[in-house]
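*Asks:*
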Amino acid sequence: VFVNGEYWDAVTARPIRKQQEISVIKVENMILHIKPKEE
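The sequence shown begins at 607 in the numbering used here and counts up one residue at a time.
#1: Terminal residues of the continuous beta strand (DSSP E) containing I637?
#2: Return yes when the Cβ of I631 is within less than 7 Å of the Cβ of D615, no when it is not.
#3: How long is the line joining the alpha carbons of Q625 and E634, rounded to whole angstroms?
#4: To the nearest angstrom, how far is the alpha carbon of H639 from that of V609?
#5: Pull up the DSSP beta-bridge partners for A619, would you.
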C-alpha cells in the first residue's frame, strides 16, 4: 500500500479494492495492519 508518500507491506482481514481509502490499525515489524476506511 502507498501511505504518506511511502510503499508499505500490509495485511488485512477484509478485502480492499484498488484505490480504496484505508485506515492503519497498527504497525508491527514494518508491516501495516489495515482496514477499509469507514465512510
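Idealized CB from N, CA, C, for every residue including glycine.
*Replies:* Inspection of the coordinates gives the following:
#1: 637 to 642
#2: no
#3: A direct Cα-Cα distance of roughly 23 Å separates Q625 from E634.
#4: 12 Å
#5: Per DSSP, none; premise fails for A619.
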